[in-house]
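What follows is a set of notes on a single structure, which appears directly below.
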Amino acid sequence: MISWKVFFENAGSIFLHWHKYMDTKDVASDILLIDQLNYQGDNVEIYLSTTKDVNLYDLEKLCDSVGWVRRPFRKVRTAIEHSFLIISLFHKKDDQQYLIGFARATSDHAFNATIWDVVVHPDFQGKGLGKTLMNQVVQQLRLADITTITLFADPQVISFYKHLGFITDPDGVKGMFWYPR
């Protein structure tokens, strides 16, 4: 089995590079101002948060925006509560927060982690936010000394993850699934 040597040889190049607009003043310690973007004619500030306090209705709305199948709130809440890491992206307008990106990871807290539910609102795709989101997830997992990071990717986003250093079928290893019949 691969030791993920290839992935981590390039890890320094995929970690979050602090954007020139990143600032921690006036925000909680688990929230960072990471960018400013033009959105619908307005200059909006993009924030990154590591809190598990995610509004489930906002998350459902975000997932709806990319066409994902709805899941029961009770199960989504449980998944978030039991996740090792949560990263979300949002912007503020008129004192209201708008969730525009989300990812989470589960882990055994020692060796392995799996990244789940990576989503960026279509209005904010193509602006580098997905890359920022993923880079931060990987960086946080590496800081926790996690050495094997996996994820599941739909065919249309495999090239996105490959550009971040992920590889498919390392040394012929295949993911396997069991579903109830």
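Here UniProt numbering is used: the first residue of the sequence shown is 1, the next is one more, and so on.
C-beta atoms are modelled at their ideal positions from N, C-alpha and C, and glycine is treated no differently.
Of the listed residues the options, nearest to residue i (C-alpha basis)
i	options	result
ARG142	ILE167, ILE115, PHE102	ILE115
ILE80	PHE152, ASP117, PHE177	ASP117
ASN55	PHE102, TRP68, GLY41, ASP95	PHE102
PRO170	ILE149, THR50, ASP123	ILE149
GLY67	VAL119, GLN97, ILE31	VAL119
ASP42	GLY126, ASP94, GLN125, GLY175	ASP94
THR106	GLY165, PHE152, LEU129	PHE152
VAL138	LEU164, LYS75, ARG181	LEU164
LYS131	ASP154, ALA144, TYR161, TYR57	TYR161
ARG74	LEU89, VAL157, GLN97, TYR57	TYR57
TYR39	GLN136, PHE166, ASN135, LYS92	LYS92
GLN97	THR78, ASP53, VAL76	ASP53
ALA110	ARG181, SER159, THR78, ALA144	ALA144
Segment limits, alpha helix (DSSP H) that includes residue i
i	result
TYR161	158-163
GLN40	No alpha helix (DSSP H) contains GLN40, which DSSP labels as neither H nor E.
MET134	129-143
Continuous beta strand (DSSP E) stretch holding residue i: start and end
i	result
THR148	148-151
VAL120	112-120
Distance CB(residue i)-CB(residue j) smaller than 8 angstroms
i	j	result
LEU62	LEU37	no
ILE146	ASN112	yes
HIS121	SER49	no
LEU59	LEU89	no
Sequence-distant residues of the same chain with beta carbon closer than 8 angstroms to residue i, five excluded per side
i	result
TYR21	Here TYR21 scores only 34 on pLDDT, less than 50, and its place in the model should not be relied on; the value that follows carries that caveat. Once the five neighbours on either side are set aside, the close Cβ partners of TYR21 are LEU33, ILE34, ASP35, GLN36, GLU45.
ASP30	SER49, THR50, THR51
VAL27	Summary for VAL27: the model assigns pLDDT 34, below 50, so the residue's position carries little reliability; its value from the coordinates is reported in the next sentence. For VAL27, where only same-chain residues beyond five positions count, the Cβ hits under 8 angstroms are LEU33, TYR47.
VAL76	LEU56, LEU59, GLU60
Neighbourhood of residue i by C-beta distance below 7 angstroms, restricted to the same chain and skipping five residues each side
i	result
TRP178	none
MET176	none
LYS127	LEU37
Cutoff 6 angstroms; reference residue i; Cβ partners in own chain excluding five residues on either side
i	result
SER83	ARG104, THR106
ASP123	none
With a floor of 3 residues, list each beta strand (DSSP E) that falls wholly inside the region 47-100, ordered by position along the chain. 85-93
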